[in-house]
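If you read the sequences in order, they're chains G and L.
Just so it is clear: in the first sequence, position 61 is 115 by the working numbering, and no numbers are missing.
Just so it is clear: in the second sequence, position 83 is 137 by the working numbering, and no numbers are missing.
Read through the structure below, which is laid out as structure tokens, and then see the notes.
There are 2 protein chains.
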Amino acid sequence: MPSTNLTFAQRDEHRAWLASQAALPAGFRVGVTRFDFMPVEAPKPAKMTLTLLALERPTTAFAAMFTRNAFPGAPVIVGRKRLAEPALGAVIINNKISNVCAPGGVETAERICVATAQALGLTPTQVLPCSTGVIGWSLPADAMIAALPRAAAALTSESIMPAAEGIVTTDLYPKIRRAAVGAGSIVAIAKGAGMIEPNMATMLVYILTDIAVPRAELRPMLARAVDASFNAISVDSDTSTSDTVVALASGRVPFGDWGTFERGLHQVCRDLAEDVVRNGEGVRHVIRVTVKNAASLGLARALGKAIVNGPLFKCAVAGNDPNVGRLIQAIGKYVGAHAPGIDLSHLRASLGGIEIFARGVFQLDPAKEAALVAHLKGAELYQSKPGPDGVFAPPVDFPPHERAVELEIDVGNGAASASVLGGDLTHEYVSENADYRS
Amino acid sequence: MPSTNLTFAQRDEHRAWLASQAALPAGFRVGVTRFDFMPVEAPKPAKMTLTLLALERPTTAFAAMFTRNAFPGAPVIVGRKRLAEPALGAVIINNKISNVCAPGGVETAERICVATAQALGLTPTQVLPCSTGVIGWSLPADAMIAALPRAAAALTSESIMPAAEGIVTTDLYPKIRRAAVGAGSIVAIAKGAGMIEPNMATMLVYILTDIAVPRAELRPMLARAVDASFNAISVDSDTSTSDTVVALASGRVPFGDWGTFERGLHQVCRDLAEDVVRNGEGVRHVIRVTVKNAASLGLARALGKAIVNGPLFKCAVAGNDPNVGRLIQAIGKYVGAHAPGIDLSHLRASLGGIEIFARGVFQLDPAKEAALVAHLKGAELYQSKPGPDGVFAPPVDFPPHERAVELEIDVGNGAASASVLGGDLTHEYVSENADYRS
Chain G
55 MPSTNLTFAQ
65 RDEHRAWLAS
75 QAALPAGFRV
85 GVTRFDFMPV
95 EAPKPAKMTL
105 TLLALERPTT
115 AFAAMFTRNA
125 FPGAPVIVGR
135 KRLAEPALGA
145 VIINNKISNV
155 CAPGGVETAE
165 RICVATAQAL
175 GLTPTQVLPC
185 STGVIGWSLP
195 ADAMIAALPR
205 AAAALTSESI
215 MPAAEGIVTT
225 DLYPKIRRAA
235 VGAGSIVAIA
245 KGAGMIEPNM
255 ATMLVYILTD
265 IAVPRAELRP
275 MLARAVDASF
285 NAISVDSDTS
295 TSDTVVALAS
305 GRVPFGDWGT
315 FERGLHQVCR
325 DLAEDVVRNG
335 EGVRHVIRVT
345 VKNAASLGLA
355 RALGKAIVNG
365 PLFKCAVAGN
375 DPNVGRLIQA
385 IGKYVGAHAP
395 GIDLSHLRAS
405 LGGIEIFARG
415 VFQLDPAKEA
425 ALVAHLKGAE
435 LYQSKPGPDG
445 VFAPPVDFPP
455 HERAVELEID
465 VGNGAASASV
475 LGGDLTHEYV
485 SENADYRS
Chain L
55 MPSTNLTFAQ
65 RDEHRAWLAS
75 QAALPAGFRV
85 GVTRFDFMPV
95 EAPKPAKMTL
105 TLLALERPTT
115 AFAAMFTRNA
125 FPGAPVIVGR
135 KRLAEPALGA
145 VIINNKISNV
155 CAPGGVETAE
165 RICVATAQAL
175 GLTPTQVLPC
185 STGVIGWSLP
195 ADAMIAALPR
205 AAAALTSESI
215 MPAAEGIVTT
225 DLYPKIRRAA
235 VGAGSIVAIA
245 KGAGMIEPNM
255 ATMLVYILTD
265 IAVPRAELRP
275 MLARAVDASF
285 NAISVDSDTS
295 TSDTVVALAS
305 GRVPFGDWGT
315 FERGLHQVCR
325 DLAEDVVRNG
335 EGVRHVIRVT
345 VKNAASLGLA
355 RALGKAIVNG
365 PLFKCAVAGN
375 DPNVGRLIQA
385 IGKYVGAHAP
395 GIDLSHLRAS
405 LGGIEIFARG
415 VFQLDPAKEA
425 ALVAHLKGAE
435 LYQSKPGPDG
445 VFAPPVDFPP
455 HERAVELEID
465 VGNGAASASV
475 LGGDLTHEYV
485 SENADYRS
């Protein structure tokens with residue numbers, strides 16, 4: 055469940071709410087700059103935004119998790135090495151090009167770190183690089199290094215909003231979540247809309263806190279929070295080569311109740327993960343699957359993922375069609391292929407609180423069908439309509455509500471439960487990823 | 055590789071070619087009837103086709119494979135029991151409703167068998183029932199039993215075409231393949247367009263032969279042929295609850311060279327599997343992935359499936375966009391999640407015969423890009439355009455050519471190879487599965 059239940063009728067309302075969440079914790083500064091460049095691999099100019107997240111003093115209390123994709127981006131390779139360093143002072147992030155399997159990619163990432171360190175008075179190993187965007191292209195290192203002093207000159211300690219806006223690619227809106235913890239706070243931003251089925255981390259997420267949480271506490275807490283949030287979402291079942299979650303603690307606010315801190319961290323991660331799905335490419339319905347009474351946590355999560363990744367069920371949801379046959383198919387597909395011994399005879403399923411399957415057979419009638427359609431329509435984020443050029447694009451760039459298509463699967467043969475979030479499969483997703491060449 | 059390379063400019067040419075393949079082997083008869091009925095679960099009337107495949111004399115030489123979905127349809131449950139029977143005399147097939155997890159489904163399937171046996175002078179256990187269509191609805195047993203005598207009266211021994219046309223649901227065209235074996239033949243038909251990632255069998259496939267092949271030879275040969283054909287395709291990664299492949303031998307033509315027979319069986323299964331993909335829901339490009347030099351057959355197949363099931367790569371292909379970053383992402387996603395120890399440093403990838411990845415980095419330039427686009431456009435089956443109602447539907451109901459998007463992945467660390475077929479992800483797929491409620 056989201057810890058908030060927000061409804062926005064207009065973009066301005068959403069932006070005002072984001073601004074109300076955006077105050078930077080003590081000890082951090084943010085600076086952004088934007089510039090044009092000419093990619094090596096493409097015939098036309100492109101725009102890139104450089105975002106600098108800087109600590110006022112380097113911190114020993116930092117944590118990071120990265121994609122498990124077997125072709126990680128160069129910044130992920132460099133970032134994994136940074137985990138062994140004594141301290142971190144800044145994160146430098148670019149959008150547009152992800153620096154994955156490009157010739158000399160690691161060397162380029164390290165060059166950017168050297169230039170960032172020079173601009174901020176740090177050593178290069180105190181800088182963590184992050185890149186997101188097209189896979190396969192090369193970073194325009196010279197243009198980035200030329201732009202860096204402008205990002206450093208823009209550093210302010212007021213709002214994280216410029217960074218939340220600076221790191222996006224196909225995102226429709228910036229994503230910011232915060233939690234108050236003692237006299238301090240946790241504030242986090244995320245970037246990500248497609249290629250989202252994180253495996254141990256998601257796209258780009260930055261979590262800043264002024265709480266004095268030691269590294270030894272922060273790292274396992276981040277791993278647990280990521281597992282229950284970003285690892286439990288899927289927009290399209292694809293796993294980015296750049297997924298990165300970074301947590302930085304400036305240590306300005308003394309605190310010692312790690313249970314309270316961890317609850318705040320989980321809340322921020324869960325809310326931000328839901329923001330990523332709600333803003334997912336082409337998503338018109340968020341789908342929340344709660345799996346109960348499964349034999350193991352792994353099975354509960356896998357069943358949830360099998361449902362939110364089933365293309366036929368996703369298409370049915372897009373059409374406000376309670377085609378629950380496709381739902382049962384998706385469960386049976388997973389169990390038949392990966393857990394053939396599991397007893398499904400006690401499985402019960404409900405959609406929008408309405409029981410649709412029990413004791414091995416569907417529980418359907420025309421009245422239920424009408425109620426199921428109403429539940430699906432109530433969770434729709436916007437109506438689908440092609441533009442005059444035939445391209446489907448969302449008409450809203452803010453989340454109008456936080457409702458979801460609510461599925462509950464009671465497996466009935468164990469004690470484990472899990473919640474998984476996903477989205478539907480729409481014309482808007484196909485237009486985003488086929489009609490326009492990225 | 056397909057054993058034929060067919061090109062059709064018009065529907066008539068395709069139908070004439072199908073007719074040239076359609077002669078029934080000796081010892082078989084086919085009868086079809088169509089009728090209206092009122093489904094229990096829906097407020098409007100529907101049409102159903104009943105297809106009867108009958109042997110002139112019951113045969114001991116029959117084989118069948120069924121879905122591994124953990125919620126199999128009632129006909130699959132009954133069909134598995136039939137494998138232990140001494141002989142089979144007929145198959146009764148309905149479309150429109152798949153009889154999956156419907157109340158009393160098995161009893162209904164057995165009632166249909168009793169009525170079929172009465173019409174043909176068989177015992178009920180000599181009849182195999184098959185159903186395909188909507189999951190969750192109940193079969194109209196009384197209407198089906200009333201229609202059965204008309205199907206029996208229509209039985210002829212000339213052509214399998216009425217059956218190939220009778221078993222379809224969302225298929226755009228009937229699918230028939232044949233192979234000559236000695237003085238006899240193997241003739242097979244398939245139904246299936248969506249919910250296609252078979253696990254040990256696919257949708258509905260019927261393989262008829264007049265060759266006198268004993269049951270003990272036929273069953274393992276069918277398992278091997280299915281594994282290399284229907285189990286190596288995916289339209290949308292969903293696994294039907296009704297997948298069924300049945301092979302029947304009438305025994306009219308003596309023969310003893312089982313190597314030759316098995317080659318014919320494999321050819322028919324491979325060709326028919328490719329027909330199923332080429333006719334897949336919304337498929338505008340067939341994608342053929344050949345994985346070479348992998349550490350195991352399982353890994354080779356899994357990498358091929360990971361590529362043809364990657365939604366972002368599928369969308370790129372739909373847009374004739376050689377977004378090879380998404381291809382490498384799909385490989386890395388699978389290996390990172392399921393085979394993290396594998397060495398990928400020797401991996402080479404080509405698209406349309408053009409090398410795109412080697413030694414850990416992309417091998418791209420603008421000239422290659424143009425050639426890759428040309429390869430993708432050359433494999434397109436039709437142009438995408440919405441109708442006046444905004445719904446996308448294929449403008450052709452025949453396969454204009456047998457070209458495919460050709461991918462070769464040389465893993466470089468083993469000796470196993472596999473070929474996997476899939477399709478792109480298109481507006482036509484979304485329209486088929488979301489815009490119209492099925």
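Just so you know, even glycine gets a beta-carbon here, dropped at the ideal spot from N, CA and C.
Since this is a predicted model, take the numbers as computed values, not measurements.
{"Item": "Nearest chain G C-beta to L:Val-459 closer than 7 angstroms, yes or no?", "Value": "no"}
{"Item": "Quick check: is the beta carbon of L:Phe-120 nearer than 7 angstroms to any beta carbon in chain G?", "Value": "no"}
{"Item": "Give me the Cα-Cα distance between L:Leu-137 and L:Asp-196, rounded to the nearest whole angstrom.", "Value": "27 angstroms"}
{"Item": "For a contact meaning CB atoms closer than 8 angstroms, what does G:Gly-190 contact in chain L?", "Value": "Val-378, Gly-379, Ile-382, Phe-416, Leu-418"}
{"Item": "Take L:Ile-382 as the anchor and find which of G:Ser-294, G:Leu-302, G:Ala-327 has the nearest alpha-carbon.", "Value": "G:Ser-294"}
{"Item": "Along chain L, in chain order, which residues have C-beta atoms closer than 7 angstroms to that of G:Thr-295?", "Value": "Gln-383, Gly-386"}
{"Item": "Hey, is L:His-320's beta-carbon within less than 7 angstroms of any beta-carbon in chain G?", "Value": "no"}
{"Item": "Using the Cα positions of G:Lys-359 and L:Glu-316, report the straight-line distance between them to the nearest angstrom.", "Value": "39 angstroms"}
{"Item": "Run through DSSP, which three-state label would L:Ala-421 get?", "Value": "helix"}
{"Item": "If I follow the unbroken alpha helix (DSSP H) through G:Met-198, where does it start and stop?", "Value": "195-207"}
{"Item": "For the region 262-328 of chain L, list the beta strand (DSSP E) runs that are entirely contained and at least 3 residues long, ordered along the chain.", "Value": "298-307"}
{"Item": "Name the residues in the region 476-487 of chain L whose C-beta lies less than 7 angstroms from a C-beta of chain G; which are they?", "Value": "Leu-479, Thr-480, His-481, Val-484, Asn-487"}
{"Item": "Go through its chain and collect everything with a Cβ distance to G:Pro-157's Cβ below 8 angstroms, but skip five positions before and after it.", "Value": "Ser-192"}
{"Item": "Tell me which residues of the region 147-158 of chain L have at least one Cβ-Cβ distance to chain G shorter than 9 angstroms, keeping chain order.", "Value": "Ser-152, Val-154, Cys-155, Ala-156, Pro-157, Gly-158"}
{"Item": "Just the C-alpha distance for G:Pro-448 and G:Lys-150, rounded to the nearest angstrom, thanks.", "Value": "21 angstroms"}
{"Item": "Using only alpha-carbon positions, find the residue among G:Phe-411, G:Pro-126, G:Glu-460 that is nearest to G:Leu-430.", "Value": "G:Glu-460"}
{"Item": "At a cut of 8 angstroms, does the region 473-483 of chain G reach the region 333-347 of chain G through at least three beta carbon pairs?", "Value": "yes"}
{"Item": "Can you list, in chain order, the residues of the region 269-292 of chain L whose Cβ is nearer than 8 angstroms to any Cβ on chain G?", "Value": "Asp-290, Ser-291, Asp-292"}
{"Item": "Can you tell me the Cβ-Cβ gap for G:Pro-228 and G:Met-249, rounded? I've got them flagged as a contact below 8 angstroms.", "Value": "Actually they are not in contact, since the Cβ atoms of G:Pro-228 and G:Met-249 sit about 19 angstroms apart, beyond 8 angstroms."}
{"Item": "Considering only their Cβ atoms, is the gap separating G:Leu-104 from G:Asn-148 smaller than 7 angstroms?", "Value": "yes"}
{"Item": "I want to know whether the region 390-408 of chain G touches the region 75-85 of chain L - three or more CB-CB distances under 8 angstroms.", "Value": "no"}
{"Item": "Span of the beta strand (DSSP E) holding G:Lys-368?", "Value": "Counting along the chain, G:Lys-368 falls outside any beta strand (DSSP E), though it belongs to the alpha helix (DSSP H) covering 365-372."}
{"Item": "In this structure, what does DSSP give as the bridge partners for G:Met-102?", "Value": "G:Phe-89"}
{"Item": "Buried or exposed for L:Gly-305, going by 16 or more other Cβ atoms inside 10 Å?", "Value": "buried"}
{"Item": "Counting contacts by CB-CB distance shorter than 7 angstroms, is G:Val-519 in contact with chain L?", "Value": "One cannot answer for residue 519 of chain G here, as it falls past the ends of chain G, which runs 55 to 492."}
{"Item": "Check whether the region 125-143 of chain G touches the region 165-185 of chain G, taking contact to mean three or more Cβ pairs, one atom from each stretch, closer than 8 angstroms.", "Value": "yes"}
{"Item": "For L:Thr-121, which of G:Arg-324, G:Pro-99, G:Gly-386 has the nearest alpha-carbon?", "Value": "G:Gly-386"}
{"Item": "Is it buried or exposed, L:Arg-324, if we count other Cβ atoms within 10 angstroms and call 16 or more buried?", "Value": "buried"}
{"Item": "Give me the residue from L:Gln-172, L:Ser-211, L:Pro-97 with the minimum Cα distance to L:Val-86.", "Value": "L:Ser-211"}
{"Item": "Compare the C-alpha of G:Val-474 against each of G:Ile-265, G:Arg-355, G:Ala-412, G:Pro-112 and name the closest.", "Value": "G:Arg-355"}
{"Item": "Note down the Cα distance separating L:Ala-244 from L:Cys-167, rounded to an integer number of angstroms.", "Value": "22 angstroms"}
{"Item": "Would you verify that the beta carbon of G:Phe-125 is, or is not, closer than 7 angstroms to some beta carbon of chain L?", "Value": "yes"}
{"Item": "Leaving out five residues before and five after L:Ala-458 in sequence, what residues of the same chain have Cβ atoms less than 7 angstroms from its Cβ?", "Value": "Val-340, Ile-341, Arg-342, Ala-433"}
{"Item": "Among G:Pro-126, G:Ala-73, G:Pro-194, which has the Cα closest to the Cα of L:Tyr-388?", "Value": "G:Pro-126"}
{"Item": "Return no unless some Cβ of chain G is closer than 7 angstroms to the Cβ of L:Cys-184.", "Value": "no"}
{"Item": "Where do the N-terminal and C-terminal ends of the alpha helix (DSSP H) with G:Ser-239 fall, by residue?", "Value": "G:Ser-239 -> not in any alpha helix (DSSP H); beta strand (DSSP E) instead, spanning 238-245."}
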